[in-house]
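Q:
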Amino acid sequence: MTRSILPGATVGVLGSGQLGRMFAMAARRMGYRVHTFSPDADTPTGQVSDVEVIAPYDDLDAVRRFAKAVQVVTFEFENVPAPTAEAAAEHAPVRPAGAVLHTTQHRIREKTFLTNAGLPLTPFRIVTSPDELVRAVADLGCPAILKTADFGYDGKGQARISTPGEAETAWQSIGNVAAVLEAFIPFEREISVVAARGVDREFVDFGAIENQHRNSILDISLAPARIDDKVAKQAQEIARTVLETLDVVGVLCVEFFVEPGGRLLINELAPRPHNSGHLTFDASLTSQFEQQLRAVCGLPLGATDLLRPAAMANLLGDLWTGQEPDWRAACAHPNVKLHLYGKLCPRPGRKMGHLTALANDTATALTMVQSARASLTK
Numbered sequence: 004m005t006r007s008i009l010p011g012a013t014v015g016v017l018g019s020g021q022l023g024r025m026f027a028m029a030a031r032r033m034g035y036r037v038h039t040f041s042p043d044a045d046t047p048t049g050q051v052s053d054v055e056v057i058a059p060y061d062d063l064d065a066v067r068r069f070a071k072a073v074q075v076v077t078f079e080f081e082n083v084p085a086p087t088a089e090a091a092a093e094h095a096p097v098r099p100a101g102a103v104l105h106t107t108q109h110r111i112r113e114k115t116f117l118t119n120a121g122l123p124l125t126p127f128r129i130v131t132s133p134d135e136l137v138r139a140v141a142d143l144g145c146p147a148i149l150k151t152a153d154f155g156y157d158g159k160g161q162a163r164i165s166t167p168g169e170a171e172t173a174w175q176s177i178g179n180v181a182a183v184l185e186a187f188i189p190f191e192r193e194i195s196v197v198a199a200r201g202v203d204r205e206f207v208d209f210g211a212i213e214n215q216h217r218n219s220i221l222d223i224s225l226a227p228a229r230i231d232d233k234v235a236k237q238a239q240e241i242a243r244t245v246l247e248t249l250d251v252v253g254v255l256c257v258e259f260f261v262e263p264g265g266r267l268l269i270n271e272l273a274p275r276p277h278n279s280g281h282l283t284f285d286a287s288l289t290s291q292f293e294q295q296l297r298a299v300c301g302l303p304l305g306a307t308d309l310l311r312p313a314a315m316a317n318l319l320g321d322l323w324t325g326q327e328p329d330w331r332a333a334c335a336h337p338n339v340k341l342h343l344y345g346k347l348c349p350r351p352g353r354k355m356g357h358l359t360a361l362a363n364d365t366a367t368a369l370t371m372v373q374s375a376r377a378s379l380t381k
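Residue numbers for the sequence shown follow our numbering, beginning at 4 and rising by one.
(1) So Phe116 is in the beta strand (DSSP E); what residue range does that whole segment cover?
(2) In terms of DSSP beta bridges, what is Arg128 paired with?
(3) Give me the Cβ distance between Pro47 and Gly345, rounded to the nearest whole Å; I'm assuming they're in contact under 8 Å.
(4) Go ahead and label Trp174 buried or exposed: buried means 16 or more other beta carbons lie within 10 angstroms of its beta carbon, across all protein chains shown.
(5) Grab me the residues of Gly178's own chain with a C-beta within less than 6 Å of its C-beta, minus the 5 sequence neighbours each way, in chain order.
(6) Roughly how many angstroms lie between the CA atoms of Ala29 and Arg36, to the nearest whole one?
(7) From this set, Gly301, Val197, Asp203, Leu122, which residue's C-alpha is nearest Val257's C-alpha?
(8) Taking contact to mean at least 3 C-beta pairs separated by less than 8 Å, is the stretch 188–207 in contact with the stretch 258–270?
(9) Beta-carbon separation of Leu184 and Ala141 under 7 Å?
(10) Taking the alpha-carbon of Leu296 as reference, which of Pro10, Arg6, Cys145 has the nearest alpha-carbon?
(11) Could you name the residues of the same chain whose beta carbon sits closer than 6 Å to that of Asn251, not counting the 5 residues immediately before and after it, in chain order?
(12) Quick one: using the 10 Å Cβ neighbour count with 16 as the cut-off for buried, is Glu55 buried or exposed?
(13) Spatial neighbours of Ala120 within its chain, please: CB distance less than 6 Å, with the 5 preceding and 5 following residues excluded, ordered by chain position.
(14) How far does the beta strand (DSSP E) with Ala198 in it reach, from first residue to last?
(15) Which residues in the same chain as Gly160 place their Cβ atom closer than 7 Å to its Cβ, once the five residues preceding and following it in sequence are excluded?
(16) By DSSP's criteria, Thr13 is part of a beta bridge. Which residues make up the other side?
(17) Among Gln373, Arg128, Ala366, which one has its Cα closest to the Cα of Pro312?
(18) Closest to Arg31 by C-alpha separation, out of Ala95, Gly168, Ser19, Val51, would be which residue?
(19) Is Cys334 helix, strand or coil when you go by DSSP?
(20) Compare the C-beta of Ala198 with all C-beta atoms of chain B and state if any pair is closer than 7 Å.
(21) Using a Cβ-Cβ cut-off of 6 Å (strictly less than) and excluding sequence neighbours within five positions of Leu136, which residues of its own chain qualify?
(22) Apart from the five residues just before and just after Asp321, which ones in its own chain have a Cβ nearer than 6 Å to its Cβ?
(23) Using a Cβ distance threshold of 8 Å, determine whether the stretch 275–294 contacts the stretch 232–244, with at least three qualifying pairs required.
(24) From the DSSP output, in three-state form, read off Arg24 for me.
(25) According to DSSP, is Thr307 helix, strand or coil?
(26) When you compare only the Cα positions, how much space is there between Pro96 and His105?
(27) Are there 16 or more other CB atoms within 10 angstroms of the CB of Val433, so buried, or fewer, so exposed?
(28) In terms of DSSP beta bridges, what is Leu267 paired with?
(29) Can you tell me whether DSSP reads Asn278 as helix, strand or coil?
(30) Drop a sphere of 10 angstroms on the beta-carbon of Glu327, count the other beta-carbons inside from all chains shown, and report buried for 16 or more, exposed for fewer.
(31) Checking 7 Å against the spacing of the C-beta atoms, do Ala90 and Val76 come in under that value?
(32) Per DSSP, what are the beta-bridge partners of Cys256 in this structure?
(33) Can you list, in chain order, the stretches of the alpha helix (DSSP H) that have 4 or more residues and sit fully within the stretch 40–83?
(34) Determine, using beta carbons only, whether Ser378 and Ala333 come nearer to each other than 7 Å.
(35) Does the beta-carbon of Asn218 have 16 or more other beta-carbons within 10 angstroms, so that it is buried, or is it exposed?
(36) Over the uninterrupted beta strand (DSSP E) stretch that includes Thr151, give me the two end residues.
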């Protein structure tokens, strides 16, 4: 039996954004110390951590020193270089393991894993040259979405191909790098399942969460998702298979397209807490961030009961239109919770915070959170 890492110990976080911030808040509430490592200073995670280490991810000696000072290492975004995780693992357990990071931070490896595991996913082709892209477009048809293999999120590193003649321009727009071409799916809705798996293989999930995007960035999440119970259960079972096959210790999110008729196709994996799970901070008995802490420290996992239906709305830098948003107006909605991430410079498309509304049903929660967000700029 693996020994638990108990309160009073120090947890290291690779990465320093809002996911790490909310993780650190959960960890400190349970009596842990938190160290964060990233190239940046005065970060969302660093502002609430005990120690903020500022160094490049490729400074492996600094990574080793960081790992020596903590009892376990986790990460809050998947673009941490795999060698960084390997260097940290020389001195402390890294959870999820670097192998999970290696697979899920690269679209070709991720999709190859899902295919080999026999899991349902969006039809795709691997593309490493303009000629391969032309053949892939012929195979999958148009429209299709070209995505870089590395370092893509929130619509970055992507190009839509509406006609075969757009292939060359799309290839150039992503930087002439290895990519995958995905068939366009006329989906009914998008959902995600955030799940956790412990050192002892205990598994829990937060159910199906419904997601709405705007400009390829998550805009609204609803829990529970407005889908058939049978489809939701199938999504939960697929998520469990993913975590067990990857041997995840920690939190991982599986994003799905739901086709008309209820067929599920995996869109992508995120080996960490996920934006769609932010509403669990207020709406669930155990948040995704506390669950990550429990999992990586070898503690029993917490219950994931949804206390009330909830809706989450992202707050992007676009709301800062020459002046600070009206936080008093948002707080005038008594069933809405405000979360700000401590980021210093708002800019269009940058996630600066979120609102979560709790209600007796998802429709009411959705109306409430949209009203609260609209009041910020009136």
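Every residue, glycine too, gets a C-beta built ideally from N, C-alpha and C.
A: This is what the structure holds:
(1) Boundaries around Phe116 are those of the alpha helix (DSSP H), 110–119, since no beta strand (DSSP E) includes it.
(2) According to DSSP, which records beta bridges pairwise, Arg128 is partnered with Leu184.
(3) Beta-carbon to beta-carbon, Pro47 and Gly345 are separated by about 5 Å, close enough to satisfy the 8 Å threshold.
(4) That one is buried.
(5) Nothing meets the Cβ criterion.
(6) Linking Ala29 to Arg36 through their CA atoms gives a straight-line distance of about 11 Å.
(7) Per the Cα distances, Val197.
(8) Short answer: they touch.
(9) No, Cβ-Cβ distance for Leu184 and Ala141 is not below 7 Å.
(10) Ranking Pro10, Arg6, Cys145 by Cα distance to Leu296 puts Pro10 first.
(11) It is Val, not Asn, that sits at residue 251 in the sequence shown. Only Pro99, Val103, Arg200 meet the Cβ criterion.
(12) Buried, by the Cβ-count rule.
(13) Excluding sequence neighbours, Ala120 sits near Thr248.
(14) It spans 192–200 - the beta strand (DSSP E) in which Ala198 sits, taken as one unbroken run.
(15) Excluding residues up to 5 positions away in sequence, Lys150, Thr151, Phe154, Ile177 lie with their Cβ nearer than 7 Å to the Cβ of Gly160 in the same chain.
(16) Bridge pairing for Thr13: Arg36 [DSSP].
(17) For Pro312, the closest C-alpha among the options Gln373, Arg128, Ala366 is that of Ala366.
(18) When C-alpha distances from Arg31 are compared across Ala95, Gly168, Ser19, Val51, the shortest belongs to Val51.
(19) When DSSP states are grouped into helix, strand and coil, Cys334 belongs to the helix group.
(20) Structure shown: chain B not included; a single protein chain is present.
(21) The residues are Val130, Ala170, Trp174.
(22) Cβ within range, chain order: Pro351.
(23) Inter-segment contact for the stretch 275–294 and the stretch 232–244 is absent: fewer than three beta-carbon pairs are separated by less than 8 Å.
(24) Arg24: helix per DSSP, three-state reduction.
(25) Coil at Thr307, not helix or strand.
(26) Looking at the backbone, the Cα of Pro96 and that of His105 are separated by about 16 Å.
(27) Only positions 4 to 381 of the chain appear in the structure, and residue 433 is not among them; the question remains open.
(28) Partner(s): Val261.
(29) Helix.
(30) Result: exposed.
(31) It is not a contact, given that the beta carbons lie outside the stated cut-off.
(32) In the DSSP assignment, the residues bridged to Cys256 are Val197, Ala273.
(33) Complete alpha helix (DSSP H) runs here, min 4: 63–71.
(34) For Ser378 and Ala333, yes; Cβs fall inside 7 Å.
(35) Counting Cβ neighbours within 10 Å, Asn218 comes out exposed, since fewer than 16 surround it.
(36) Thr151 -> beta strand (DSSP E) spans 147–151.
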